[in-house]
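Chemist: Mapping of the sequence shown onto the working numbering: position 16 corresponds to residue 30, and the numbering continues sequentially without gaps. Cβ atoms here follow ideal geometry from the backbone N, Cα and C, with glycine treated the same way. Just passing along the structure, written as structure tokens.
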Amino acid sequence: MSEHHNDFDFEPVRGLPQHLPKGERMLWQGAPRWQDLAVHAFHARKVIWYFAGLTILAGVLRLAEGDSFASAIKPFQWLMPMGLVAAALLVGLAYLSARTTVYTITSKRLIMRIGMALPVSINLPFNQIDGAAVRLFANGSGDIPLKVTAKERIAYLMLWPHARPFHFAHPQPTLRCVARADDVAGLLAAALAGAIPQPLQAEAVSNRAASNSQPVAA
């Protein structure tokens, strides 16, 4: 019988570099939704719109110069395929990133196993987290960025795409595109406050606007 192996067989527990110490409990474990990661972190949808805009602009300019309609649609034959290939590559990267990522919340810390080519584990004890926030998307998934103490600052490039966008000077590790982000944020808030929350309920999180952002009490 053949034996199945994967790149993370060395982990004693999925997503963890070692067993949890006695007295520490795992409260939640999850990963990004690759579909949302492709849209919100790798911006695959924006790439398609960008190439579509270039195609329309090129066609309009040709028509303005007096070219025929047949000539005006020629950019569509090569610009749009380029855009689709670029978007497909970004979607593939998002899938690989989500597949190799595990976020773990325990009763004492947050652990992020990230990295497609060179996996690393980032350990954030709760006493190194100054606070958190949650940004919900329309389907109930969302980002949960963490504000860490100044002495524990982590390089943005090391974190990406698991970092709050555009916060380069003070990078914020972020649980990106997790399902039912409102529930996860509530669990994290309770854990940071020292409470042990009940297991997550089965009901779906109500939809929120993508721009909605609210703080999580530390």
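Would you mind reading off the limits of the beta strand (DSSP E) that contains residue 146?
Modeler: Element bounds for residue 146: 143–150.
Chemist: In chain order, what residues of the same chain have a beta carbon less than 7 angstroms from the beta carbon of residue 27, not counting five sequence neighbours either side?
Modeler: 33.
Chemist: Exposed or buried, which one is residue 84 when buried takes at least 16 other CB atoms within 10 Å?
Modeler: By the 10 Å Cβ count, residue 84 comes out exposed.
Chemist: Roughly how many angstroms separate the alpha carbons of residue 148 and residue 200, rounded to a whole number?
Modeler: C-alpha separation (whole angstroms): 10 angstroms.
Chemist: Whole angstroms are fine: how far does the CA of residue 110 sit from the CA of residue 45?
Modeler: One C-alpha to the other measures close to 12 angstroms.
Chemist: Work out the CA separation of residue 48 and residue 180 for me, nearest whole Å.
Modeler: In a straight line, the C-alpha of residue 180 is about 21 angstroms away from that of residue 48.
Chemist: Where does residue 207 land, buried or exposed, given buried means 16+ other C-beta within 10 angstroms?
Modeler: The residue is exposed, with fewer than 16 neighbouring Cβ atoms inside 10 Å.
Chemist: Measure the beta-carbon distance from residue 120 to residue 176 and round it to whole angstroms, keeping in mind my assumption that it falls under 8 angstroms.
Modeler: About 18 angstroms; that fails the 8 angstroms criterion.
Chemist: If we ignore side chains and look at the alpha-carbon of each, how far apart do residue 74 and residue 160 end up?
Modeler: Each residue's Cα considered, the two are about 46 angstroms apart.
Chemist: Which one or two residues does DSSP pair with residue 153 in a beta bridge?
Modeler: Answer is none; residue 153 lacks a bridge partner.
Chemist: Specify, as a first and last residue, the run of the alpha helix (DSSP H) that residue 43 falls within.
Modeler: Not the alpha helix (DSSP H): residue 43 falls in the beta strand (DSSP E), residues 40–44.
Chemist: What's the call for residue 54, buried or exposed, on a 16-neighbour Cβ count within 10 Å?
Modeler: Buried is the call here.
Chemist: Beta-carbon within less than 8 angstroms of residue 169's beta-carbon, same chain only, minus the 5 sequence neighbours each way: which residues are those?
Modeler: Once the five neighbours on either side are set aside, the close Cβ partners of residue 169 are 185.
Chemist: Residue 233 lies in the alpha helix (DSSP H); which residues open and close that run?
Modeler: For residue 233 there is no data in the structure shown, the boundaries of the chain being 15 and 232.
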